[in-house]
Amino acid sequence: GKIRIGISACLLGEKVRYDGGHKHNRFLTDTLGIIFDFVPICPEVECGLPVPREAMHLEGDPAAPRLVVTSSGAELTAQLLEYCGVKIEKLRREELCGFILKARSPSCGISGVAVSNRKSAPRSGSGLFAAAVIRELPLLPVENEERLADPALRANFMERAIAIHNWQQFAK
Ligand code: SF4
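Everything in the sequence shown is counted per my numbering, starting at -4 for the first residue and increasing by one.
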């Protein structure tokens, strides 16, 4: 079978973003889709938030940021983190070989996501779901769509995913 890769659903063209839009990445679906079987994930929708929804951002300590609604300051951290715990346990049984996550999202961004702070300039951190994936599934390659545009980074991601896929087949 094809190599199963978890992916931010908005990159596949699903209209799950806060503004009701998507971020369809044709290179991913039309080219990498030839060898990858994409398993769509939208942490914000799957944790119970609606489409459309208020814009949100990360705040506080970059090592353990809080997810808050930008306009009201309402806390979404506990809701998203609880979802992450349950979802990661399900994903362990999915035979995934890697993840492609949307850059700069407060949920999906793997690094370089702005974390605001009342006392200083914004620092950078990881989205809550991406951080959970990296911490809990450390053997799997995790990239964003922007880095995968780089041929060397793309080749590295694909090699690692293929190696994990081959190991899964061998171990059956
Ligand atoms: Fe959903 Fe992640 Fe895409 Fe945001 S970046 S719309 S949380 S899949």
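Note that the Cβ used here is the ideal one computed from N, Cα and C, for glycine as well. Small disclaimer: the values here were computed from a predicted structure and weren't measured.
> Considering only C-alpha positions, which residue in the set A4, G(-4) and K(-3) is nearest to I95?
Replying inline: In the sequence shown, the residue the question calls residue 95 occupies position 100. It is A4.
> Whose CA, out of A156, P38 and E131, lies closest to the CA of D32?
Replying inline: Numbered from 1 along the sequence shown, position 37 holds the residue referred to as residue 32. Closest by alpha carbon: A156.
> Going along the chain, which residues of its own chain have a beta-carbon closer than 6 Å to the beta-carbon of R61, five neighbours each way excluded?
Replying inline: The count along the sequence shown starts at 1 and reaches residue 61 at position 66. Setting aside the 5 residues that flank it on each side, R61 is surrounded in the same chain by E54, G55 and T72, each with a C-beta closer than 6 Å to its C-beta; the list follows chain order.
> Can you tell which of E89, A126 and G107 has its C-alpha closest to the C-alpha of I0?
Replying inline: Here the question's residue 0 lines up with position 5 in the sequence shown. Answer by Cα proximity: E89.
> Closest to G104 by CA distance: which of V40, V64 and G120 is it?
Replying inline: Translated into the one-based positions of the sequence shown, residue 104 becomes position 109. The residue with the shortest Cα to Cα distance from G104 is G120.
> Could you give the distance in angstroms between the alpha-carbon of A166 and the alpha-carbon of L135?
Replying inline: Here residue 166 refers to the residue found at position 171 when the sequence shown is read from its first residue. Here residue 135 refers to the residue found at position 140 when the sequence shown is read from its first residue. Looking at the two C-alpha atoms, the distance is approximately 16 Å.
> So what does DSSP say about D25, is it helix, strand or coil?
Replying inline: Within the sequence shown, the letter at position 30 stands for residue 25. Note: D25 maps to helix in three-state DSSP.
> Between A50 and S66, what straight-line distance do the alpha-carbon atoms span, to the nearest angstrom?
Replying inline: For the purposes of this step, residue 50 is taken as residue 55 along the sequence shown, with counting starting at 1. For the purposes of this step, residue 66 is taken as residue 71 along the sequence shown, with counting starting at 1. Each residue's alpha carbon lies about 8 Å from the other.
> If you draw a straight line from the alpha carbon of L143 to that of N112, how long is it in whole angstroms?
Replying inline: The count along the sequence shown starts at 1 and reaches residue 143 at position 148. The count along the sequence shown starts at 1 and reaches residue 112 at position 117. Roughly 30 Å between the two C-alpha positions.
> Do you know offhand how far G93's Cα is from K82's?
Replying inline: Start at 1 with the first residue of the sequence shown, and residue 93 comes out as number 98. Start at 1 with the first residue of the sequence shown, and residue 82 comes out as number 87. Cα to Cα, G93 sits roughly 15 Å from K82.
> Relative to the C-alpha of R48, which residue among L75, V11 and L27 is closest?
Replying inline: Position 53 of the sequence shown, counting from 1, holds the residue named residue 48. The shortest C-alpha separation from R48 is found at V11.
>> Closer than 7 Å to a non-hydrogen atom of the ligand SF4 - does that hold for the CB of P126?
In response: The sequence position of residue 126 within the sequence shown is 131, counting from 1. Inspection of the sequence shows that residue 126 is occupied by Ala rather than by Pro. Not so, every heavy atom of the ligand SF4 lies at least 7 Å from the Cβ.
> Within 7 Å: the Cβ of V63 and any heavy atom of the ligand SF4?
Replying inline: The residue you call residue 63 lines up with position 68 of the sequence shown. Every heavy atom of the ligand SF4 is 7 Å or more from the Cβ of V63, so no.
> Shortest alpha-carbon distance to R118 belongs to which of F152, E140 and V108?
Replying inline: Against the sequence shown, residue 118 aligns to sequence position 123. Its Cα nearest to that of R118, the residue V108 stands out among F152, E140 and V108.
>> Using CA atoms only, rank isn't needed, just tell me which of L75, E131 and F152 is closest to C37.
In response: Within the sequence shown, the letter at position 42 stands for residue 37. When each option's Cα is compared against that of C37, the closest is L75.
>> Assuming G1 is part of the beta strand (DSSP E), what are its boundary residues?
In response: As a first step, residue 1 is located in the sequence shown; it is residue number 6 there, counting from the start. Note, G1: beta strand (DSSP E), I(-2) to S3.
> Do you know whose CA, among E41, G(-4), H19 and L86, lies nearest I129's CA?
Replying inline: Along the sequence shown, one-based indexing puts residue 129 at 134. Answer by Cα proximity: L86.
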